[in-house]
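Residue numbers (full-length UniProt numbering), protein chains in the order written: chain Z, 1 to 506; chain C, 1 to 506.
The C-beta atom is built at its ideal place from N, Cα and C for all residues, glycine as well.
Heads up: the structure comes next, in structure tokens.
Here's what the structure looks like:
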């Protein structure tokens with residue numbers, strides 16, 4: 001989430017000349033359906049990316065990066081009318097993605113893993129409207145997420161947004177369900193989130209985010225469970241703790257430092273949001289921003305010193321062993337040993353996360369090579385409900401986007417071969433056999449088999465098609481066999497061929 | 001999709017006094033988590049509905065009906081600030097739905113059935129942005145769907161919409177993929193669609209829609225396959241052909257009538273959209289609308305006469321056996337016999353569907369009691385691509401919403417009991433056993449079991465909780481057992497209890 005801090009490089013990249021996109025698109029869909037993931041990658045490789053490595057697909061393109069959307073310069077009001085004769089613009093709106101079948105298989109594979117982890121940890125799925133009231137997202141801390149709201153006025157004069165994140169909607173539903181709810185709630189959701197930047201162009205404006213939240217658990221157990229979910233997801237995807245780590249700290253560290261320097265409480269959130277930019281803006285810029293909030297330069301020095309700590313025992317030396325942050329973190333690291341994921345997590349005081357509402361432990365997963373932005377992030381937000389006028393309930397959660405993870409999987413060669421699959425192809429060799437072919441397909445389908453019924457094609461095409469969709473069997477309905485109540489079957493893996501009675505087709 | 005045609009009744013319903021909603025919401029979440037579907041229905045039963053029968057849940061509330069959204073009068077710009085002290089408005093935006101766990105289980109069950117049917121028919125899943133260019137939906141035929149666009153200008157000055165339907169996006173992607181695509185494409189998607197009505201209030205502004213489309217098949221086979229998908233879905237949900245029928249006709253019927261009366265081709269689409277209102281507006285209103293397009297009153301009479309035909313042989317008498325509509329329909333009914341779904345379908349010339357782009361066979365599923373609006377609808381749209389400036393490819397598809405079907409399932413008592421499920425609950429009886437409990441939960445989870453780890457609760461609460469989430473086993477980690485490397489297990493279905501070695505836990 002740090003692109004805005006590299007204006008020079010980024011603008012250079014954005015200003016490089018773009019090749020016009022050919023139309024009609026020369027790509028054969030057939031090639032993208034092949035089982036080779038290498039060839040399927042060619043689908044959107046022509047789209048521009050500001051990333052330093054190839055960005056081969058819709059899922060890989062990051063929230064923060066180029067979109068594969070319309071390559072025109074921005075803000076031409078009639079751009080939708082297309083740039084080539086009278087053909088409509090075939091691209092989705094700037095910054096958004098289509099998911100053709102091969103991209104959708106990848107997305108489904110990823111989301112299925114999200115869902116399976118949630119099931120294993122006994123979380124319940126929930127969902128909220130992608131369109132929310134703007135009021136839910138108006139916060140004063142200068143977060144990037146609230147500065148880039150995709151907001152507008154609806155025709156009824158209401159201020160609405162395409163939500164930038166899901167937690168406020170979740171908090172809204174918790175309040176709606178009432179205080180008498182049987183806590184804890186363990187909820188997960190997978191939903192699209194949006195942002196809008198007015199001044200830049202070609203960035204992604206949407207991504208999908210897996211959220212898991214525990215409402216009503218004040219103990220560090222909640223954080224420990226959430227981190228187990230993240231680790232389990234990585235393991236399912238084939239990612240090890242050599243590839244990825246999870247940095248953990250607590251906002252209470254910063255809170256203790258602010259208390260040391262007698263900095264007033266109301267500056268806490270603002271300071272957190274600024275401090276989150278560490279490593280993304282220069283130290284001088286950060287110091288300047290901190291001082292502009294009213295923090296003394298001595299305190300700024302103290303803050304930066306403490307936030308550079310990477311050892312929990314050093315933190316304990318500085319803050320004392322009765323400090324809440326220290327106690328929480330020690331508890332979490334102890335639980336991690338029991339869960340068996342100690343090797344994934346490390347203490348890093350510089351982690352504060354950029355959302356205003358975190359109050360306690362915060363964490364983020366990162367690739368150990370340091371090439372990518374945070375893969376996911378989360379933390380405790382015990383005071384969010386009171387900002388909505390309700391009584392507080394302890395809460396904790398994380399958001400896990402669909403972009404960086406796929407980039408990492410590509411880097412590591414861990415994207416599985418997700419070819420199209422089918423059980424049977426039924427093909428009548430003669431037009432008058434279309435009726436029998438319908439009956440055969442229908443009866444196989446009733447048994448739950450995935451059946452593609454093909455007609456009006458040459459046999460050669462059908463064989464190719466069978467390969468392309470990885471069909472197990474080809475069932476040929478021919479005149480001479482049909483008269484005897486038989487069909488011809490070809491098993492595609494073994495090339496075995498035989499005749500069989502129609503009612504013996506398994 | 002006909003509510004706008006009953007202004008009197010509808011406005012009476014909308015104007016009836018509303019009870020203020022209590023806050024905090026008095027409903028216990030615990031009751032909504034119980035396995036009784038009757039009690040879970042109480043969740044949103046307090047929300048207003050203009051329907052004549054109880055509308056118990058988010059999924060049941062129709063696209064066309066009340067929303068369960070904010071009950072205030074419309075267009076108060078600061079309504080989001082809430083109407084009770086400083087508590088934020090806990091409702092989702094007007095006309096939208098939250099999906100708490102019990103609603104989400106129902107939605108997932110329905111969508112899983114959509115997906116399973118699509119798999120069985122060998123369709124591939126695709127997806128498109130919910131936000132699209134307005135240009136994709138600008139059509140001149142006076143369709144309801146384009147008159148109620150949820151459109152706005154983004155900050156870059158682009159005209160965009162929250163899509164009202166998915167077919168135009170699909171057509172856009174087909175064009176983008178290029179003419180050399182290996183046809184046919186068999187695509188499905190499940191996505192949210194939006195509409196906005198300026199003048200009315202309290203209606204649903206979003207619904208989810210299952211779309212299945214076949215691109216590149218000009219034969220009636222495509223229609224036959226799509227109708228099989230619909231029938232298969234109904235059968236999976238427990239709905240029989242006694243509950244539901246599918247009416248079939250062809251736009252070519254109307255085309256032939258227009259030719260009889262020498263009505264110019266360019267009036268065809270407009271006439272279709274008007275004629276689709278049959279039964280929703282009075283005959284006089286329809287005649288008036290038709291005459292205002294330039295159709296003679298003699299032709300209007302002829303149109304209405306032909307559209308009242310319910311028998312294919314009568315149609316053949318009127319149009320002749322070499323008429324394309326007659327040939328297509330006869331073919332479809334023949335194929336239906338082979339597929340085995342003849343009892344589901346019937347010819348009804350009055351079916352034209354309200355979308356401008358249909359060109360051939362059209363169909364819609366309806367409840368035989370006639371209480372509900374169309375459950376789903378679709379047809380052939382061979383000329384849509386050329387309206388986007390591309391060459392045409394024959395195409396055919398349907399949209400199946402998530403509202404009417406759930407209403408029907410409730411009516412028929414076919415909504416399954418979708419209680420929360422878990423395999424194990426692990427509960428440490430002592431705070432010092434939290435570590436061992438973590439290890440046990442972690443190791444069960446690694447085996448794929450769904451495990452809820454509970455602590456800081458009374459044993460009584462845990463037993464209740466186990467019932468609530470339908471856990472199979474309760475694993476109690478107690479001091480005396482743990483010292484011997486054992487845990488206490490309770491099988492909740494049989495009430496059987498025993499001790500077992502930790503590493504023998506299955």
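Compare the C-alpha of residue i against each of the options and name the closest.
| i | options | result |
| --- | --- | --- |
| residue 450 of chain C | C:466, C:456, C:320, C:408 | C:466 |
| residue 430 of chain C | C:122, C:454, C:496 | C:454 |
| residue 256 of chain C | C:425, C:320, C:194 | C:320 |
| residue 164 of chain Z | Z:104, Z:401, Z:318 | Z:401 |
| residue 446 of chain Z | Z:506, Z:332, Z:139 | Z:506 |
| residue 110 of chain Z | Z:146, Z:287, Z:208 | Z:208 |
| residue 148 of chain C | Z:155, Z:151, Z:443 | Z:155 |
| residue 369 of chain C | C:145, C:326, C:407, C:223 | C:407 |
| residue 348 of chain C | C:101, C:267, C:318, C:249 | C:249 |
| residue 132 of chain C | C:152, C:120, C:144 | C:152 |
| residue 440 of chain Z | Z:251, Z:394, Z:413, Z:489 | Z:489 |
| residue 229 of chain Z | Z:217, Z:459, Z:186 | Z:186 |
Buried or exposed: where does residue i fall if 16 or more other Cβ atoms within 10 Å of its Cβ makes it buried?
| i | result |
| --- | --- |
| residue 494 of chain C | exposed |
| residue 482 of chain Z | buried |
| residue 479 of chain C | exposed |
| residue 129 of chain C | buried |
| residue 265 of chain Z | exposed |
| residue 416 of chain C | exposed |
| residue 282 of chain C | exposed |
| residue 498 of chain C | exposed |
| residue 224 of chain Z | buried |
| residue 262 of chain Z | exposed |
What is the DSSP secondary structure of residue i, counted as helix, strand or coil?
| i | result |
| --- | --- |
| residue 95 of chain C | coil |
| residue 401 of chain Z | strand |
| residue 495 of chain Z | coil |
| residue 328 of chain Z | helix |
| residue 488 of chain C | strand |
| residue 348 of chain C | coil |
| residue 451 of chain C | strand |
| residue 216 of chain Z | coil |
| residue 359 of chain C | coil |
| residue 428 of chain C | strand |
| residue 276 of chain C | coil |
| residue 108 of chain C | helix |
| residue 413 of chain C | coil |
| residue 303 of chain Z | helix |
Give the interface partners of residue i over in chain Z, defined as CB-CB distance under 7 angstroms, in chain order.
| i | result |
| --- | --- |
| residue 363 of chain C | Within chain Z, no residue comes near residue 363 of chain C; the closest Cβ sits about 17 angstroms away, beyond 7 angstroms. |
| residue 155 of chain C | 196, 198 |
| residue 86 of chain C | 389 |
| residue 108 of chain C | 125 |
Under 8 angstroms between beta-carbons, which chain Z residues line up against residue i? List them in chain order, please.
| i | result |
| --- | --- |
| residue 176 of chain C | 25, 90, 91, 98 |
| residue 228 of chain C | 442, 445 |
| residue 225 of chain C | 453 |
Name, please, each residue of chain D whose Cβ falls closer than 7 angstroms to the Cβ of residue i.
| i | result |
| --- | --- |
| residue 212 of chain C | The structure shown contains no chain D; its protein chains are Z and C. |
Residue i touches chain C at which residues, Cβ-Cβ below 8 angstroms?
| i | result |
| --- | --- |
| residue 130 of chain Z | 130, 192 |
Run through chain C and tell me which residues come within less than 9 angstroms of residue i, C-beta to C-beta.
| i | result |
| --- | --- |
| residue 485 of chain Z | Going along chain C, no residue has its Cβ under 9 angstroms from residue 485 of chain Z, so there is no contact; the nearest lies around 16 angstroms. |
| residue 350 of chain Z | The premise fails here: residue 350 of chain Z is roughly 27 angstroms from chain C at the closest Cβ pair, so nothing lies under 9 angstroms. |
| residue 340 of chain Z | 438, 439, 442, 443, 446 |
| residue 206 of chain Z | 129, 130, 131 |
What does residue i touch in chain Z if you count any residue whose Cβ is under 9 angstroms from its own?
| i | result |
| --- | --- |
| residue 456 of chain C | 217, 218, 219, 221 |
Can you list the residues of chain C that residue i reaches, using a CB-CB cut of under 7 angstroms?
| i | result |
| --- | --- |
| residue 401 of chain Z | Ordered by position in chain C, no residue passes the 7 angstroms Cβ test against residue 401 of chain Z, which lies about 16 angstroms from the chain. |
Q: Please confirm if the stretch 383–398 of chain C is in contact with the stretch 417–428 of chain C, defined as three or more CB-CB distances below 8 angstroms between the two stretches.
A: Using a Cβ-Cβ distance cut-off of 8 angstroms, the stretch 383–398 of chain C and the stretch 417–428 of chain C are not in contact, since fewer than three pairs of beta carbons, one from each stretch, lie closer than that value.
Q: Please determine if the stretch 330–347 of chain C and the stretch 237–252 of chain C are in contact, where contact requires at least 3 C-beta pairs separated by less than 8 angstroms.
A: Yes, they touch.
Q) Would the stretch 286–296 of chain C and the stretch 350–367 of chain C be scored as touching if the rule is three or more Cβ pairs under 8 angstroms? A) With a cut-off of 8 angstroms, the stretch 350–367 of chain C and the stretch 286–296 of chain C do not count as touching, because too few Cβ pairs lie within range.
Q.
Tell me whether the stretch 95–112 of chain Z and the stretch 115–126 of chain C touch, counting them as touching only if at least three CB pairs, one residue from each stretch, are closer than 8 angstroms.
A. Pairwise C-beta distances place the stretch 95–112 of chain Z in contact with the stretch 115–126 of chain C, as three or more of them are shorter than 8 angstroms.
Q: Mind the definition here: the stretch 183–190 of chain Z touches the stretch 363–378 of chain Z only if three or more C-beta pairs lie below 8 angstroms; say whether that holds.
A: Not touching, per the Cβ criterion.
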